[in-house]
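Chains as they are written, first to last, in our numbering: chain A, 387 to 745; chain B, 387 to 745. Each residue gets a CB set at the ideal place from its N, CA and C atoms; glycine is no exception. Predicted model, so just to flag it, every value in this text is computed and none were measured.
2 protein chains.
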Amino acid sequence: MKLGKVLGTLGLAAAIAVGANAADRTVHWKLAMTWGTSLPPFTDAVHEMANLVKELSGGKFIIRIDSKNKHKSPFGILDMVKLGQYDMGHSASYYWKGKDLATLPFTTMPFGMIAPEQYAWFYYGGGMKLMQKVYAKHKVYSFPGGNTGNQMGGWFRKEINSVNDLKGLKMRIPGFAGEIMSELGVTVTNIAPGELYTSLERGTIDALEWVGPGMDIRMGFHKVAPYYYTGWHEPGTELQFLVNIKKFKKLSPKYQEILKTAMKLSAYDMYIENYHMSAMAWAKIKTDYPNIKIKSFPPSVIAAMKKANEKLLARDEAKNAEFKEVIESQKAYMKKVRAWTKISDYEYLNTTMNIKPAK
Amino acid sequence: MKLGKVLGTLGLAAAIAVGANAADRTVHWKLAMTWGTSLPPFTDAVHEMANLVKELSGGKFIIRIDSKNKHKSPFGILDMVKLGQYDMGHSASYYWKGKDLATLPFTTMPFGMIAPEQYAWFYYGGGMKLMQKVYAKHKVYSFPGGNTGNQMGGWFRKEINSVNDLKGLKMRIPGFAGEIMSELGVTVTNIAPGELYTSLERGTIDALEWVGPGMDIRMGFHKVAPYYYTGWHEPGTELQFLVNIKKFKKLSPKYQEILKTAMKLSAYDMYIENYHMSAMAWAKIKTDYPNIKIKSFPPSVIAAMKKANEKLLARDEAKNAEFKEVIESQKAYMKKVRAWTKISDYEYLNTTMNIKPAK
């Protein structure tokens, strides 16, 4: 083909892309997710998003979802979206901390914000802007992709009464929380979700954390590690939609709006869905699994975790200016928003929950 | 016009309405809201919803918003939407309790669920189905319209140390909470928002509740009633979008989906926006308004309120079977979901908030 003809064809295509009817072109996208075919509520959020995009576009914007069983690269999502092998992905920001430390805090942080506080930071406290700044160098946009709510602290074979009880323990706990545990003498390992139960049963590990009752009970951990600890390390885990920037910019304004709306709504919905799933699972724990022992870490252990947390944050802030910027933004916002949580929902629960009606 | 021709025209119109291109017809709707032109975040939710509908429809589904300044009937929204004078509305379900008691619990209930618990009830615990059942007799659909989060218990001139201190007090507090206060000896009145400050200043009332710091401080109540009480009576106030059922059914499936999506997303967003507004206002209270005295009602007062609450619920459940059905559904769901809140966010705050890092 002659150069003139090639340019002419490209020009025509460009004209169609920005034209008045361009919004209603048929578009086919592919999404790669970290998860297997069915891992509710994570995969529910992805399917809800894709269904919404389809409905809102009158069936013209179609997103095909590939699970890890198909693409075989659960922790390659960022790279595949960056390179345009996939138009978008669903994963969690803290999985990329080895590539870029500044991506870590966009999921959740130990002793950090709970879900509504963190959403307020994202949408009204500067979080979204910082997230796009961090991800721009990876040529992708990142959007909230569904919140798990407060995660449980994990399953232990033995009760933890002091920091000494942690020393030498082999535990699966990823992310920054894993580094804190390591600082306290825990041998931290990462194990693929499919092998967690067997590892715990065979004693390859002594403890692990996963998500919360809605997702944990069906894994069977309680059968071998009956001490179930309340959370400290992932108070509001937000998953992530990744979108290739070039591909996004090629969408019509209408389709961009449809995609953003569908991602935002399905993220919120996953938060509420998992709240429900956790509540239903929790309600059955006492009757169906009377051997599970619910515990909270004692103040001495929490104090030691907090000390390690501050030490490691200072270490990483010194290493990476962008990480520091995100952490400092979260800290400053949390100071304000936590004071409100404390006087609203927390104080409401505190002053009303345990008081019986007068006789 | 002959009958045959009329029918023919109607038939053609119907064919167009359900045809392949019907989704892209231009549609003009009108919405009436209870509020004045600008009352953030309430009016923000309405504008976000209308803007989203416009964007998602490529500018073809337009919703005009009329404030109470225009339609002059802030508490006539349900009737105007029912009669089709407006296609939709924005208000709060508990305003219709005089017309239909069963509408009351869809906003919030004293000692009831906090926002994420209540959203879980709506979307996964049967709440939406019950709401449509109650509203079907009014020929409208009702959808969540934005949550204020936990509301503060109100502004008082004097400290409340016992139930005796409530007796004879004149207070503006609407809804079921007002009936509880009345049961405890308070003289309850309702006053239009525009006259609240003057009524408090002149001593027409001794106390009032409004929303929370984000909206209250700008009203100036703290200047005349410095005791600011934490919440018990509106733990998760959900506003409401009302939609005329006939009008909704005339929309194409695509426009129906667009409208539902826009309403659902802007409701969630308002919850997060008000969380932010409350947090920012709260952060300034101690420095900018040092004379405000933050208090929680003492256990003896809470116990008396709970007793009155149970008595009045029993009275109203006996009166109205549908009200009973909604209340019992909420109670059963709350029992489960509250146990989860208690062991997740509440326990997290409890065990981590006040512990300092180890030395």
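Handout entry: Backbone secondary structure at A/Y657 - three-state DSSP
Key = helix
Problem - Alpha-carbon to alpha-carbon, B/M419 and B/S453 - result: 5 Å
Problem - Span separating the alpha-carbon of A/P560 from that of A/S479 - result: 12 Å
Handout entry: Cutoff 7 Å: A/N547 Cβ touching any chain B Cβ
Key = no
Problem - alpha helix (DSSP H) segments (min. 4 residues) lying fully within the region 586-661 of chain B - result: 599-602 and 631-636
Problem - Contact between the region 617-625 of chain A and the region 680-693 of chain B (3+ Cβ pairs under 8 Å) - result: no
Practice task
In the DSSP assignment, find the unbroken beta strand (DSSP E) run with B/I448 in it and report its ends.
Solution key: F447 to D452
Practice task
Would you decide whether B/N407 is buried or exposed? Buried here means 16 or more other CB atoms lie within 10 Å of its CB.
Solution key: Low local confidence applies: a pLDDT of 48 at B/N407 is under 50, so the model's placement there is unreliable, and no value is given.
Practice task
With DSSP collapsed to three states, give me the class of A/G580.
Solution key: helix
Handout entry: Three-way DSSP call (helix, strand, coil) for B/A506 in this model
Key = helix
Problem - In DSSP terms, what A/M435 is bridged to - result: Bridge partners of A/M435: none, in fact.
Problem - Burial state of A/N547 (16 or more Cβ within 10 Å) - result: exposed
Problem - Any C-beta of chain B under 7 Å from that of A/L516 - result: no
Practice task
Using the Cα positions of A/A331 and B/P496, report the straight-line distance between them to the nearest angstrom.
Solution key: Past the boundaries of the shown model lies residue 331 of chain A; chain A is included only from 387 to 745, so the question cannot be answered.
Practice task
In the DSSP assignment, find the alpha helix (DSSP H) that holds A/A418 and state where it starts and stops.
Solution key: Premise fails: A/A418 lies in the beta strand (DSSP E), V413 to M419, not in any alpha helix (DSSP H).
Exercise for the section: Go ahead and pull the three-state DSSP assignment for B/Y734. Expected result: helix
Problem - Host beta strand (DSSP E) of B/K681 (start-end) - result: K679 to K681
Problem - A/P530, DSSP secondary structure in three states - result: strand
Problem - CA-to-CA distance, A/Q518 to B/V432, given in whole angstroms - result: 27 Å
Exercise for the section: Measure the Cβ-Cβ separation of B/T412 and A/I729 and say whether it is below 7 Å. Expected result: no
Practice task
Closer than 7 Å, Cβ to Cβ, to anything on chain A: give me those residues from the region 613-643 of chain B, in chain order.
Solution key: T616, G617, W618, P621, K640 and E643
Exercise for the section: Consult DSSP for A/G422 and reduce its assignment to one of helix, strand or coil. Expected result: coil
Exercise for the section: Answer with yes or no whether the minimum CB distance from B/E696 to chain E is below 7 Å. Expected result: Any reference to chain E falls outside this structure, whose protein chains are A and B.
Practice task
Return yes when the Cβ of A/E708 is within less than 7 Å of the Cβ of A/A488, no when it is not.
Solution key: yes
Handout entry: Option nearest B/P639 by Cα separation, candidates A/L438, A/G540, A/P743 and A/E434
Key = A/L438
Problem - A/V549 versus B/M663: straight-line alpha-carbon distance, rounded - result: 40 Å
Practice task
Please list the partners that B/N536 has in chain A, where partner means a Cβ-to-Cβ separation under 7 Å.
Solution key: S730, D731 and Y734
Exercise for the section: Leaving out five residues on either side along the sequence, give the residues of the same chain with a beta carbon under 6 Å from the beta carbon of A/K556. Expected result: T573, I591 and D592
Exercise for the section: Assign A/K717 to one of three DSSP states: helix, strand, or coil. Expected result: helix
Problem - Three-state secondary structure (DSSP) of B/D702 - result: helix
Practice task
Helix, strand or coil for B/R558, going by three-state DSSP, please let me know.
Solution key: strand
Handout entry: chain B contact for A/L442 (CB, 7 Å cutoff)
Key = yes
Exercise for the section: Please list the partners that B/W668 has in chain A, where partner means a Cβ-to-Cβ separation under 8 Å. Expected result: K722, A725, W726 and I729
Problem - Proximal residues, the region 673-695 of chain A versus chain B, C-beta separation under 8 Å - result: I680, S682, F683, P685, S686, I688, A689, A690, K692, K693 and N695
Practice task
State the DSSP-derived secondary structure class of A/H831, mapped to helix, strand or coil.
Solution key: Look at the range of chain A in this structure, 387 to 745, and you will see that residue 831 of chain A is not part of it.
Problem - Buried versus exposed, by CB contacts within 10 Å (16 or more), B/M466 - result: buried
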